[in-house]
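In my numbering, the protein residues as written are 2 to 316.
What follows is the structure, encoded as structure tokens:
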């Protein structure tokens with residue numbers, strides 16, 4: 002039997018108590034393009050994203066994550082993951098094609114931390130409308146059309162007051178994620194880990210929640226900018242809109258540069274992310290950081306990446 006594999010992070014579905022303000026933030030300020038609106042859900046993507054959407058926004062009474070979607074490498078991997086997860090004791094719900102716009106049949110389930118995941122393969126890749134389409138055949142929309150204008154979705158960062166090491170092990174054993182960098186207490190547990198199924202340092206991170214707010218927080222979702230100059234431009238755009246943010250700064254873990262900013266409609270945190278390194282070595286040895294090195298790992302230089310981030314967003 003061929004072992005099923007996840008190819009990449011596909012999208013994140015967010016619920017917001019102020020849909021109008023969230024749409025303004027993600028479309029006008031961040032600069033995502035709207036693919037379509039169906040049954041009250043707005044489907045968005047960045048100018049370099051090819052799939053139908055990498056973000057969806059739906060109105061609700063509180064801010065939360067509906068699900069985080071991952072695309073498999075092969076169509077048959079969806080059923081294979083369903084069988085493996087059910088055998089491991091995880092409840093699996095089938096989502097029929099068309100329930101989520103632009104997407105085929107999928108499964109949804111929860112991590113032991115109750116973070117909601119979705120796995121799918123079939124997805125539409127619609128062209129951009131005339132007037133918004135890039136002249137480049139290998140790009141979806143015109144770049145720099147509006148707002149910060151990130152190229153693509155990059156990763157998600159999850160927080161839990163459960164044992165993060167147990168969640169890392171579950172992701173590795175059940176979904177094939179590989180540990181890339183982690184923070185470990187000497188002679189004690191791993192408290193944060195950065196994992197991926199691609200050459201990125203992390204497609205997903207799972208961190209210990211020091212606020213003890215719950216098992217299934219979303220710390221942030223991230224969109225990728227091409228370079229550091231783009232990040233400085235983003236700081237100008239956010240400042241012009243009087244939106245507060247953290248950064249610019251540079252992480253030690255991932256070596257990437259960042260700005261953190263919150264959607265004013267929901268409080269969901271977005272990281273604008275650039276530079277960093279890629280991993281191509283098949284025998285990569287995960288990098289260990291100690292709690293004494295944590296500040297260096299999270300903030301190599303710049304404004305503290307953790308300070309002021311104590312709020313909670315339920316997943």
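Quick reminder that beta carbons are idealized off the backbone N, C-alpha and C, glycines included.
| field | Of the residues 106, 252, 217, the one placed nearest residue 164, counting alpha carbons only | value | Taking only the C-alpha atoms, the option nearest residue 164 is 217.
So the candidates are 86, 271, 193; which of them puts its Cα closest to the Cα of residue 226? Nearest in C-alpha terms to residue 226, of all of 86, 271, 193, is 271.
Compare the beta carbon distance of residue 30 and residue 219 with 7 Å and say whether it is the shorter of the two.
No; because the gap between Cβ atoms is not below 7 Å, this pair is not in contact.
For this session: Put residue 41 into one of helix, strand or coil per three-state DSSP.
Result: Residue state, collapsed to three classes: coil.
Rounded separation between residue 161 and residue 259 - CA only: Distance from the CA of residue 161 to the CA of residue 259, rounded to the nearest whole angstrom, comes to 22 Å.
Report task. Output the boundary residues of the beta strand (DSSP E) element that contains residue 240. Result -> Note, residue 240: premise wrong, no beta strand (DSSP E); alpha helix (DSSP H) at 229 to 241.
Through-space distance from residue 92 to residue 113, alpha-carbon basis: Residue 113 and residue 92 have their C-alpha atoms roughly 11 Å apart.
Practice task
Go ahead and pull the three-state DSSP assignment for residue 150.
Solution key: Three-state result, residue 150: coil.
| query | Between residue 3 and the rest of its own chain, which residues show a CB-CB distance below 7 Å, the 5 nearest in sequence each way excluded? | reply | So the list is empty, once near-sequence residues are dropped.
request  = Go ahead and pull the three-state DSSP assignment for residue 77.
outcome  = In the three-state DSSP reduction, residue 77 falls in the coil class, being neither helix nor strand.
| field | residue 139 versus 49, 71, 196, residue with shortest Cα-Cα distance | value | Taking only the C-alpha atoms, the option nearest residue 139 is 49.
In whole angstroms, give me the CA-to-CA distance for residue 268 and residue 215. Their Cα atoms are separated by approximately 17 Å.
Subject >> Cβ shell of residue 235 (< 8 Å), same chain only, five flanking positions each side left out >> reply: So the list reads 149, 226, 260, 273, once near-sequence residues are dropped.
Worksheet item: Can you list the beta strand (DSSP E) stretches of 3 or more residues lying completely in the stretch 166 to 202, in chain order?
Response: DSSP runs (the beta strand (DSSP E)) wholly in the stretch 166 to 202: 179 to 185, 191 to 197.
Please report the residue range of the alpha helix (DSSP H) in which residue 11 lies. Here residue 11 belongs to no alpha helix (DSSP H); instead the beta strand (DSSP E) covers 7 to 17.
Q) Over what stretch of residues does the alpha helix (DSSP H) that includes residue 296 continue unbroken? A) Start and end: 295 to 299.
Where residue 93 sits in the DSSP three-state scheme: Three-state DSSP puts residue 93 in coil, outside helix and strand.
**Request:** Name the two residues that bound the continuous alpha helix (DSSP H) containing residue 24.
**Result:** That run of the alpha helix (DSSP H) goes 20 to 24.
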